[in-house]
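Residue numbers (our numbering): 2 to 256.
Quick reminder that beta carbons are idealized off the backbone N, C-alpha and C, glycines included.
Read the structure below first, then the notes.
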Amino acid sequence: MNVISKTQIKLVKSLGQQKFRQKYGKFTAEGEKSVTEFIKNMYFPIEAIYIVDEHVKDRLSAFCDLKVLVKVSLQEMEQMSSFRTPSNILAVLSKKENTVSLVSFPEEKTIYLDDIQDPGNMGTIIRIADWFGIKNIVRSPNSADFFNPKVVQSTMGSLCNVRLMTSTLSDLVELAPGMVVLGALMDGTKLHLTKNLPEKGLLVIGNEGHGIHANNLPFITHKIAIAGDHHKVAESLNAAMACSIICHHWSFHQK
């Protein structure tokens, strides 16, 4: 089994920062479940897999090229990990994104993330999309990075099952004129009163603090909202929670 060098440790650690992910075109995934999903899916090319526990090697041997495995000490894993408590396995993979011009948006469901900042929210939304069979995820240029370690961890492997793209909403709408654009807004029609949502289209999830950007509001064709209890104390829902509720409704209340 291969051994790791100090230079490799430094490079892997640097991938916790977006500028280095962009520079090297690589990202990391941590945790056995997440790494196993990446190995099985094979969408993102695997550069190396670092393991602390020899037993992990035995579990991976059935579907993994053992040439990419590198044995490291717990201390070395701690130096490379982006988390306070490192896992016993870390993979380095090559980044891949899709091009918006190659996707037929009017024919599919798409989620657009309008300046979503929290990596945990983004990762959870990607996982939600995967659960409901939504294959297109487009982020605004100012949203969190798809390959942020916290995003990758939150997706629990779902990153492999969706198309990842970056675009402004205006460019997206220009590519698909006439596309239905759903917007989660406080003044929208309550979901429980919306029985026939379009079968296809784009759902815009706004920023955690400010909602959908004012410049994007003119592109919204259908305003929707989630009704709460009359005596609710919470001001609003978390972006990922709202996305989950809307996606569930969208899946079962179509024209």
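Compute the Euclidean distance between the alpha carbons of residue i and residue j, then round it to the nearest angstrom.
i	j	result
Thr-190	Leu-75	53 Å
Lys-34	Thr-222	39 Å
Gln-258	Tyr-44	The first residue shown for the chain is 2 and the last is 256, placing residue 258 beyond what the model contains.
Ile-225	Cys-65	45 Å
Ser-252	Phe-133	7 Å
Val-181	Pro-46	35 Å
Glu-209	Asp-116	8 Å
Thr-169	Ala-177	13 Å
Ile-5	Ser-88	17 Å
Arg-60	Ile-40	12 Å
Ile-135	Asp-188	25 Å
Gln-23	Ala-243	30 Å
Asn-3	Val-93	15 Å
Ser-257	Cys-248	As displayed, the chain neither begins before 2 nor continues past 256, which places residue 257 out of reach and without an answer.
Asn-42	Cys-161	7 Å
Ser-15	Arg-85	15 Å
Asn-197	His-250	10 Å
Gln-118	Ile-206	12 Å
Lys-7	Glu-175	48 Å
Ile-246	Asp-131	14 Å
Measure the Cβ-Cβ separation of residue i and residue j and say whether it is below 8 Å.
i	j	result
Leu-192	Ala-228	yes
Pro-150	Thr-37	no
Val-73	Ile-50	no
Ser-82	Glu-31	yes
Val-101	Val-152	no
Ala-145	Pro-107	no
Gly-202	Lys-110	yes
Glu-98	Met-157	no
Ile-127	Ser-159	yes
Ile-10	Glu-77	yes
Ser-141	Leu-103	no
Quick one: measure Cβ to Cβ for residue i and residue j, integer angstroms, because I've assumed they're closer than 8 Å.
i	j	result
Asn-143	Arg-164	The pair is not a contact, with the Cβ atoms about 20 Å apart (cut-off 8 Å).
Lys-27	Glu-48	6 Å
Gly-124	Gln-154	7 Å
Leu-204	Leu-183	5 Å
Ile-52	Ile-90	5 Å
Asn-122	Asn-239	7 Å
Leu-194	Ile-213	Going by Cβ atoms, the distance from Leu-194 to Ile-213 rounds to 20 Å, so no, they are not a contact pair.
Which residues bound the alpha helix (DSSP H) around residue i?
i	result
His-56	55-61
Ile-129	120-132
Glu-79	75-81
Thr-156	150-156
Lys-24	19-25
Ala-241	240-253
Consult DSSP for residue i and reduce its assignment to one of helix, strand or coil.
i	result
Val-174	helix
His-193	helix
Thr-111	strand
Ala-228	coil
Lys-96	coil
Glu-33	helix
Arg-85	coil
Glu-209	coil
Val-182	strand
Phe-147	coil
Leu-204	strand
Leu-160	helix
Ile-90	strand
Leu-16	coil
What span of residues does the beta strand (DSSP E) with residue i cover, start to end?
i	result
Ile-5	Premise fails: Ile-5 is in no beta strand (DSSP E) and is neither H nor E.
Met-166	164-167
Ala-49	47-52
Ile-138	137-140
Val-71	70-72
Does the beta carbon of residue i come closer than 8 Å to any beta carbon on chain C?
i	result
Lys-14	Protein chain content of the structure displayed is limited to a single chain, and chain C is not contained in it.
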